[in-house]
Amino acid sequence: MSTIVLLTMTGLGLGALYFLVASGLSLIFGLMDVLNFAHGALLSIGAYGTWWAASGRLPGAGPGGWGFALAVLFGTAVGTLAAVVLELAVVRPLYTRPREQVLATVGVGLAVPALLSGVWGSDARTFPGPEALSGTFALLGADVPVNRLVLVAAAVVVLVALRLFLGRTRHGLVVRAGVEDRAMVTALGIDVRKAFTLVFAIGGCAAALGGALGGLYFGSVDPRQGTSLLIFAFVVVVTGGMGSVTGAAVAAVVIGLVQQFANYYTAAGLGDLAVVVLLAALLLVRPRGLTGRLA
Amino acid sequence: MTASPLLAVRDLRVLIGGRHILHGVDLDVAPQGVTALLGRNGAGKTTTVRGVLGLVPRTGSVLLDGEETVGLPTHTLVRRGIGYAPEDRGIFAGLTVAENLRLAERRGADGPAYGLVHELFPELKRREKQSAGTLSGGQQQMVAIGRTLLNGNRLIIADEPTKGLAPKVVTEVAQVLERAAEAVPVLLVEQNLAVVRRLARHCVVLADGRTAHQGEADGLLGDAEATRRLLGVGRGPLAPFTAEADS
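Keeping their order, the protein sequence lines are chains U and D. Heads up: the first sequence at position 84 corresponds to 84 in the UniProt record's numbering, and the numbers run straight through without jumps. Heads up: the second sequence at position 207 corresponds to 207 in the UniProt record's numbering, and the numbers run straight through without jumps.
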């Protein structure tokens, strides 16, 4: 029983991490038809930004208490800023050239890990975090790491915030409409490019937060972390339905759990295969994913 | 047309995917009433409208109240006072009726004219929480036209607003456009010539992506030979529009 509880909580933590990356990816694709292969790089930037700040390099930040909260805030802000720069400088000039746009995001997705390796080395760095978050808590006989709970809580907060944004604000309304028919939004007198930048900022913020908290989950940061998580985030986006935040949340949970259980009960590595098989089976039955709708 | 046109289109050309769709359209929209844009299927009517709005890449000149608009992004041009009801109605199926209307709100001195929209289409008020994707074609057209009436626009462009609608709804839509045209000039793309006869004072006919005729609507529709030659319909003068005749 304790194994199942531990696997479930670990799967949920992993699913939460996938959701933080996939939610922005899904919105960006849904609204802009942009396959952002640089999204994993935003996670890495968030992770390294947090690691850098929490290692004592940012005044006021540190590995414990409010200092760590400030480090997470810093990492998330840097990731958000990077997302805005990415949209304005790389994606926007290529809106009419989708193939070049994909290639450019692939390029950024490769360049950022290389840059991080160049500056801080290619080896994993130990991630400093508060002691309270590095311990465990007892749940139905299992000792569950606290950081799993932190990731799940962060993902729930992001999901609720995104749903409120999409459902209750005018910008959210523009994003939902833009996912359906971007040209018509423009024809109503709305500058949809502002929504593009906003969605990139939101996506970058969630991914960078994922990177910051992912450091707690993995216990370290390394330049390739974002890229490897991006693959599963794409699986989550397709499974949940392009443009659907709620679909991404459900898919992230399912994929996180399937991966964990398959890895434990079969052989290490088979969890990744199980996820791909699950995706293929789902697409045969429901080609638009679980929802195919936004939020 | 004696008064200066509200919208003056000159030598409008559109090239999509290496194919010339418009070869130089000239078109004037009168400062009052309805100007009809006519032509056979594939003549370039919808592309002309989309070209005017900058929804497709275009060259030429499009003057709105004497100001050049080619080069402006679509949203900027629309904010200068254009309401657009597209051929496919442009409804956001996943949004409610109220959200579809709210999306069209623009900042203006008088605020959005929900009173007018709900007076003309009381059904939209009753169905404001309903998902727009579940509305009938006629109700969706009401949303599309309602959006054009929400702001104090200088021009309304309606692309085939009666297409695919039941005769009773065609009458209703024609009445609304007639009333709207009392306050705002309308550029109406329409295949239903009975509606054109009822509403339009001026007309422009396109053929093969070029302007084939501009003039008084009555003059064209009363000339059986010109109607047959330019529009490919009818053997005699068209009957006046009535709900009974249309149904």
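Note that CB positions come from ideal geometry on N, CA and C, so glycine has one too.
Kindly indicate which three-state DSSP category residue 311 of chain U falls into: helix, strand or coil?
Coverage of chain U is limited to positions 1 through 295, which leaves residue 311 of chain U absent and any answer about it impossible.
Residues near D/L72 in its chain [Cβ-Cβ closer than 7 Å; skip 5 each side]
G54
Within the same chain, show all residues whose beta-carbon is closer than 8 Å to that of D/V117, passing over the 5 residues directly before and after it, in chain order.
L101, L124, G146, L149 and L150
Would you kindly work out how many angstroms separate the C-alpha atoms of residue 249 of chain D and D/Q139, rounded to a whole number?
In the structure as shown, chain D starts at 1 and stops at 247, and residue 249 of chain D therefore has no counterpart that could be examined.
If distances are taken between C-alpha atoms only, which option among D/K45, D/G83 and D/P5 comes closest to D/E67?
D/P5
From the beta carbon of D/P86, is the nearest beta carbon of chain U less than 8 Å away?
yes
Give the straight-line distance between the Cα atoms of D/E178 and D/V184, rounded to the nearest whole angstrom.
10 Å
Span of the alpha helix (DSSP H), counted from its first residue to its last, around U/L27:
S2 to M32
Could you tell me which chain D residues have their CB closer than 7 Å to the CB of U/E180, listed as they occur along the chain?
F92, A93 and G94
According to DSSP, what are the bridge partners of D/Q214?
D/V204
What are the boundary residues of the alpha helix (DSSP H) that includes U/Y48?
H39 to W52
Hey, is U/I190's beta-carbon within less than 8 Å of any beta-carbon in chain D?
yes
What are the boundary residues of the beta strand (DSSP E) that D/G226 is part of?
In the sequence as presented, Gly is not what sits at residue 226 of chain D; that position holds Ala. Per DSSP, D/A226 belongs to no beta strand (DSSP E); it is in the alpha helix (DSSP H), A224 to L231.
Can you say whether D/K129 is buried or exposed, counting buried as having 16 or more other CB atoms within 10 angstroms of its CB?
exposed
From the beta carbon of U/T186, is the nearest beta carbon of chain D less than 8 Å away?
yes
My assumption, with CB atoms under 8 Å, is that D/V49 sits in contact with D/V25. Please give the rounded CB distance.
Wrong, their Cβ atoms sit about 10 Å apart, outside the cutoff.
With a 10 Å radius around its C-beta and 16 neighbouring C-beta atoms as the bar for buried, classify D/K168 as buried or exposed.
exposed
Tell me whether U/Y95 sits in a helix, a strand or coil according to DSSP, three-state version.
coil
What are the boundary residues of the alpha helix (DSSP H) that D/P167 is part of?
P167 to A183
Evaluate U/P130 with the Cβ neighbour count: other Cβ atoms within 10 Å of its Cβ, from every protein chain shown; 16 or more gives buried, anything less gives exposed.
buried
Cβ-Cβ separation, U/A212 to U/G46 (assumed contact under 8 Å), whole Å
5 Å
Curious, which full-length beta strand (DSSP E) runs of at least 3 residues does the region 11 to 98 of chain D contain?
19 to 29, 34 to 39, 58 to 64 and 82 to 85
Consult DSSP for D/T162 and reduce its assignment to one of helix, strand or coil.
coil
For U/L166, would you say it is in contact with chain D, using Cβ-to-Cβ distances shorter than 8 Å as the test?
no
Suppose you measure from the CA of D/I82 to the CA of D/S136; what does that come to, to the nearest Å?
25 Å
CA-CA distance, D/A174 and U/L166?
36 Å
What's the call for U/N263, buried or exposed, on a 16-neighbour Cβ count within 10 Å?
buried
Beta-carbon contacts of U/R286 that lie in its chain and below 7 Å, excluding the five residues immediately before and after
none
Entirely enclosed alpha helix (DSSP H) segments - the region 125 to 210 of chain U, minimum 4 residues:
131 to 134, 146 to 168, 170 to 180 and 182 to 187
Please report the distance separating the alpha-carbon of U/L94 from that of U/D181.
19 Å
When Cβ atoms are compared, which residues of the region 2 to 24 of chain D fall closer than 7 Å to chain U?
none
Which whole-angstrom value is the C-beta distance of D/A217 and D/V196, which I expect to be below 8 Å?
6 Å
From what residue to what residue does the beta strand (DSSP E) around U/L257 run?
Here U/L257 belongs to no beta strand (DSSP E); instead the alpha helix (DSSP H) covers V245 to Y265.
Shortest alpha-carbon distance to U/F37 belongs to which of U/L14, U/A53 and U/V112?
U/V112
Just the C-alpha distance for U/I190 and D/R106, rounded to the nearest angstrom, thanks.
9 Å
Using DSSP bridges, identify the partner residues of D/A8.
D/D28 and D/L63
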